[in-house]
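Read left to right, the sequence shown gives residues 144 to 354 (our numbering).
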Amino acid sequence: MLQKGKQQGPQEAATHLGLGFMYHDERDRELAIKAFAVTDTFQFQHLTEDAAREASEAYVDALWEKDRIEAACTVDGDLDTSALNDADWSPVREAFERRASIAGIDPEYAELSTVAWRRHKVGGDYWTPMKQAQVHELRAALQDSDYPHKPRGGQSGHGPEAARYALGVELHDTRRFDEMTDVMVPYFERIARRHQRHNDEKWDISNTVSR
Numbered sequence: 144m145l146q147k148g149k150q151q152g153p154q155e156a157a158t159h160l161g162l163g164f165m166y167h168d169e170r171d172r173e174l175a176i177k178a179f180a181v182t183d184t185f186q187f188q189h190l191t192e193d194a195a196r197e198a199s200e201a202y203v204d205a206l207w208e209k210d211r212i213e214a215a216c217t218v219d220g221d222l223d224t225s226a227l228n229d230a231d232w233s234p235v236r237e238a239f240e241r242r243a244s245i246a247g248i249d250p251e252y253a254e255l256s257t258v259a260w261r262r263h264k265v266g267g268d269y270w271t272p273m274k275q276a277q278v279h280e281l282r283a284a285l286q287d288s289d290y291p292h293k294p295r296g297g298q299s300g301h302g303p304e305a306a307r308y309a310l311g312v313e314l315h316d317t318r319r320f321d322e323m324t325d326v327m328v329p330y331f332e333r334i335a336r337r338h339q340r341h342n343d344e345k346w347d348i349s350n351t352v353s354r
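In structure tokens, the structure reads:
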């Protein structure tokens with residue numbers, strides 16, 4: 144059952160993230176938007192609920208454009224991965240750009256996400272750009288441009304939450320949906336802890352609400 148994001152916690156945010164991908168697989172665009180909107184409303188506390196839904200809609204638009212490109216590169220049921228790799232992915236990137244603009248995410252997020260989802264289908268290292276894209280998204284959700292705050296070695300890493308996101312995609316791909324949810328709960332717990340610090344502060348959303 145779909146719920147409202149600001150009334151929910153990390154468990155519900157993780158569950159609805161999984162539901163969003165499930166509804167995408169089932170080609171139900173409206174339910175996918177509603178599910179992702181629960182997650183985005185929870186994680187993007189600096190946005191209004193309407194703006195969070197618009198960010199979710201942009202994400203779903205990116206997934207639908209990805210599917211459209213894949214369909215155009217499929218002949219008699221077989222996906223031509225070479226044609227898919229060479230296809231024009233700008234509509235996907237533009238949808239991710241809209242999401243980034245609405246949520247206040249670094250613009251690099253759009254290109255990284257596009258590269259990640261293209262490689263996810265045609266082959267290659269999709270997890271590195273995906274994790275870097277999630278670093279940008281996490282920085283927006285946390286309102287912390289210095290995430291992941293690694294105090295010692297391994298400064299080139301993306302942080303545990305971004306790694307969890309990539310693992311969640313792998314678990315979704317292998318249809319291990321409950322495990323995906325379990326992996327993502329600490330991701331949203333990290334965001335919730337950051338939000339807790341701002342309970343007594345008024346966040347400035349003037350530059351992040353949708354126009």
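Cβ coordinates follow ideal geometry from the N, Cα and C atoms, glycine included. Source: prediction; values computed, not measured.
The closest CA to that of Asn-228, considering only Arg-336, Arg-337, Gly-266, Ala-157, is found on Gly-266. Bridge partners of Leu-222 according to DSSP: Thr-217. Counting only runs that start and end inside the segment 252-310, the alpha helix (DSSP H) elements of at least 4 residues fall at 270-285. Take Pro-153, set aside five residues on each side of it, and the residues of its chain with a beta-carbon closer than 6 Å to its own are Val-328, Phe-331, Glu-332, Ala-335, in chain order. About 12 Å separates the Cβ atoms of His-263 and Phe-164, ruling out a contact at the 8 Å cut-off. For a cut-off of 8 Å, the C-beta gap from Ala-276 to Ala-259 is around 6 Å, short enough to register as a contact. By the criterion of a C-beta distance shorter than 8 Å, Arg-196 is surrounded in its chain by Ile-176, Ala-180, Asp-183, Thr-184, once the five residues flanking it on both sides are discounted. For His-159, the secondary structure class from DSSP, reduced to helix, strand or coil, is helix. Distance from the CA of Arg-282 to the CA of Ala-306, rounded to the nearest whole angstrom, comes to 14 Å.
Inter-segment contact for the segment 218-226 and the segment 241-257 is absent: fewer than three beta-carbon pairs are separated by less than 8 Å. By the criterion of a C-beta distance shorter than 6 Å, Ala-157 is surrounded in its chain by Thr-324, Met-327, Val-328, Phe-331, once the five residues flanking it on both sides are discounted. Taking the Cα positions, Asp-268 is about 12 Å away from Leu-255. Around the beta carbon of His-279, 16 or more other beta carbons sit within 10 angstroms, so the residue counts as buried.
Cβ-Cβ distances below 6 Å link Glu-192 to Thr-184 in the same chain, with the five nearest sequence neighbours on each side left out; the list follows chain order.
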